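Colleague: To start, I am sharing the structure in question, which I have written as structure tokens.
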Amino acid sequence: MRRSGSSPGEFPLGTVGAVESELFWRTVEGARAEAGIDTERVAQALLRRLRTLGPDEIAQFQDLWDQAQDCVYRWPIRDAATLLLGPLDDDEFLSVQDWIVSHGRRTVKRIQDDPDNVVELAPDRHNARIDWFCGLSLEAHMDVTGGTPFAIDGPPEDDTPTGAPVDLADEVHTRKRFPRLTAYLDGNPWIQRPWERAGN
């Protein structure tokens with residue numbers, strides 16, 4: 000969810016500092032390297048790593064996570080995820096954003112550059128909607144402080160994804176916009192296509 004004070008679509012390198020950003024991604028990618036493709040285990044590994052930090056560092060980590068999440072808060076990415084996963088409500092899309100971030104900086108950048116690259120996460124698609132990561136920083140902060148939570152910004156008034164949505168019911172346009180994802184759907188006929196849903 001976009002936090003006040005963060006810039007949608009901006010890759011998180013600056014608002015807290017380049018050094019802090021590097022440590023953030025090292026923490027995220029270290030948890031993924033430790034746990035591998037099992038995203039539930041990634042969340043557990045990340046929580047263990049957060050518990051080794053101080054309270055201010057944990058709050059800073061959450062700020063950077065929010066910025067990274069904002070980078071994938073875009074209509075083209077939501078549309079790409081819808082092709083891979085099926086229809087998403089707003090809460091599910093938040094979980095999908097967390098899921099993408101948990102795969103690391105390179106994955107976030109590749110999906111920013113071309114949302115069709117979401118298809119590269121298909122082997123882990125069963126974890127995409129599960130809320131593995133929301134609240135990890137808060138839990139770690141309460142653990143290290145003996146129960147004191149940190150302040151969380153409320154959502155801004157205009158909390159909608161950036162960019163314009165694609166009409167996924169338009170098969171020709173969707174195939175042109177997302178060639179890799181639609182090829183994946185062709186190879187997995189058990190996944191219903193949006194243009195098929197529109198015709199029912």
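Heads up: the sequence shown is residues 0 to 199, going by numbering that gives the first Met the number 0. Cβ coordinates follow ideal geometry from the N, Cα and C atoms, glycine included. The structure presented is a predicted model; accordingly, all values stated were derived computationally and were not measured.
Taking 7 angstroms as the cut-off, decide whether the C-beta atoms of Arg179 and Asp115 are in contact.
Modeller: On the sequence shown, position 180 is the one that residue 179 refers to. On the sequence shown, position 116 is the one that residue 115 refers to. Cβ distance < 7 angstroms, so Arg179 and Asp115 count as in contact.
Colleague: If we ignore side chains and look at the alpha-carbon of each, how far apart do Phe60 and Val143 end up?
Modeller: Taking the first residue of the sequence shown as position 1, residue 60 is located at position 61. Taking the first residue of the sequence shown as position 1, residue 143 is located at position 144. Rounded to whole angstroms, Phe60 to Val143 spans 14 angstroms at the Cα level.
Colleague: Tell me which same chain residues have a C-beta within less than 6 angstroms of the C-beta of Gly8, skipping the five on either side of it?
Modeller: One-based indexing of the sequence shown puts residue 8 at position 9. Low local confidence applies: a pLDDT of 40 at Gly8 is under 50, so the model's placement there is unreliable, with the coordinate-based value given in what follows. Answer for Gly8: Thr161, listed in chain order.
Colleague: Who are the Cβ neighbours of Gln191 in its own chain at under 8 angstroms, not counting the five residues just before and after it?
Modeller: Here the question's residue 191 lines up with position 192 in the sequence shown. These residues qualify, in order along the chain: Gly85.
Colleague: Cutting at 8 angstroms between CB atoms, please list the residues of its own chain near Trp24, excluding the five before and the five after it.
Modeller: Indexing the sequence shown from 1 puts residue 24 at position 25. Excluding sequence neighbours, Trp24 sits near Gly103, Arg104.
Colleague: Report yes or no: do the stretch 42 to 50 and the stretch 125 to 136 share at least 3 C-beta pairs separated by less than 8 angstroms?
Modeller: yes
Colleague: In the DSSP output, which residue or residues are listed as bridge partners for Arg73?
Modeller: Position 74 of the sequence shown, counted from the first residue, corresponds to residue 73. Partner(s): Thr161.
Colleague: What did DSSP end up calling Arg201 once you bin it into helix, strand or coil?
Modeller: There is simply no residue 201 to check, as the chain begins at 0 and stops at 199 in what is shown.
Colleague: With a cut-off of 8 angstroms on the beta carbons, I'd call Ala121 and Leu83 a contact; round off their distance for me.
Modeller: Here residue 121 refers to the residue found at position 122 when the sequence shown is read from its first residue. Here residue 83 refers to the residue found at position 84 when the sequence shown is read from its first residue. So it is a contact: roughly 6 angstroms between Cβ atoms.
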